[in-house]
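So the sequences go chain by chain: A and B. Note that my numbering numbers the first sequence so that position 81 is 81, with each residue one more than the last. Note that my numbering numbers the second sequence so that position 21 is 21, with each residue one more than the last. Glycine included, C-beta positions come from ideal geometry on N, C-alpha and C. Small disclaimer: the values here were computed from a predicted structure and weren't measured. Report on the structure given below.
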Amino acid sequence: MREIVPEPQFATLEQQTETAQLGMWVFIATEVMFFGALIFTYFIYRLTYWEQFRLAGADSRILLGSINAAILLTSSLTMVMAINFAKEGRQQRVIAFLLVTASLGVLFLCVKGYEYVLDYESNAVPSLNFAFKSGYHAPSELYWVWYFVATGFHALHVTIGVGAILAMTRLAWRGRFSPNYYTPLEVLGLYWSFVDTVWLFLFAAIYPLGRAVT
Amino acid sequence: MSAKRESLVPYIVAWLVLMLLLGMSILSAYLDIGIFHPMVTFGIAATQAAIIFLVFMRLRGRPSLKWVFAAGGFFWLSFLFGLSIIDYATRSGFPAH
């Protein structure tokens, strides 16, 4: 491993690390407001069109949503393990756990893609092939609009995350991290865990509707 | 920064708790609790988020500047939520039919 020195504008690597982390937290704050606004629109729709959202939500696929939640939660664990191994200077394990994390991200996208295919086949895609089922009125379509907007933006974040993890894997392969400097991994870990968190809220909004046994 | 080993146990315990909460969230979908349903599912999601922020995103420990930045987004989001709720709560003729 080569010696890593701080960038010219920083006195120490610790200062560089802290600055990078704060930068990512600022970015996450903007993301909180972005997804927060999206969740807020959901609350308004849900409270306004309670019965229609219950009906439409019952047609979502809770099994696939649950599998995806488990996949992302596990990927957060593998990501944090990669960071820990970087802290210990165990390069091979860092690479292995980064690859596992990226694979879980890809698996999430595959499951989501499969779910989109099923949604299309059941005529649930607004402005493409949406069909009103028994009991459906206009707000039911609104549920599916919200579903595709929210999960689409989330999938975009996962895709960017997977790309960044693969880029970090390349850097780890080249020995660019050491026990004294693994900041890019820590910063990426913050992003990845946040993307995981967003899915938990989308899960709560999308899947549990209309399944209660009365 | 140091090269000392950090135990993985807290992370694995956190992951187990998160999976348990996910199971509770799935289970709650099949309970007939009416208007309380969103509160339960979003309550579980908020608990999971808190665990991820504290453990996986390393906000636990001594107070630091990170807390201010992490809280910043939620602080401004509270304004968005609060003012929007006031708007909808006081608007007449909503929803439009």
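query                                                                                                    : result
Of the listed residues A/T183, A/L190 and A/W199, nearest to A/Q15 (C-alpha basis)                       : A/T183
Residue-chain proximity (B/G72, chain A), Cβ-Cβ < 8 Å                                                    : yes
Contacts that A/S122 makes with chain B (C-beta to C-beta distance below 8 Å)                            : By Cβ distance, chain B contributes nothing, its closest Cβ being about 19 Å from A/S122, past 8 Å.
Among A/G23, A/E115 and A/Y42, the one whose alpha carbon lies nearest that of A/G202                    : Per the sequence shown, the amino acid found at residue 202 of chain A is Leu instead of Gly. Among A/G23, A/E115 and A/Y42, the Cα nearest to that of A/L202 is on A/Y42.
Classification of B/F74 by the beta-carbon crowding that lies within 10 angstroms, buried from 16 upward : exposed
Under 8 Å between C-beta atoms of A/Q52 and A/H137                                                       : yes
is_contact[B/S28, chain A] using C-beta, thresh 8 Å                                                      : yes
Boundaries (first-last residue) of the alpha helix (DSSP H) holding A/A37                                : L13 to T48
Short CB-CB distance (under 8 Å) between B/P63 and chain A                                               : no
C-beta neighbour in chain A for B/I44, strict 8 Å                                                        : yes
Distance CB(B/Y88)-CB(A/M81) smaller than 8 Å                                                            : no
Pair within 8 Å by beta-carbon distance, A/L104 and A/S75                                                : yes
Option nearest A/I39 by Cα separation, candidates A/N180, A/Y147 and A/L185                              : A/Y147
Burial state of A/A11, where buried means 16 or more other Cβ atoms lie within 10 Å                      : exposed
is_contact[B/F69, chain A] using C-beta, thresh 8 Å                                                      : yes
Expected contact under 8 Å - CB spacing of A/L209 and A/A58 to nearest Å                                 : 6 Å
Proximity to A/F85 [Cα-Cα], best of A/S140, A/N180 and A/D119                                            : A/N180
Short CB-CB distance (under 8 Å) between B/R5 and chain A                                                : yes
Cβ of B/M24 within 8 Å of any chain A Cβ                                                                 : no
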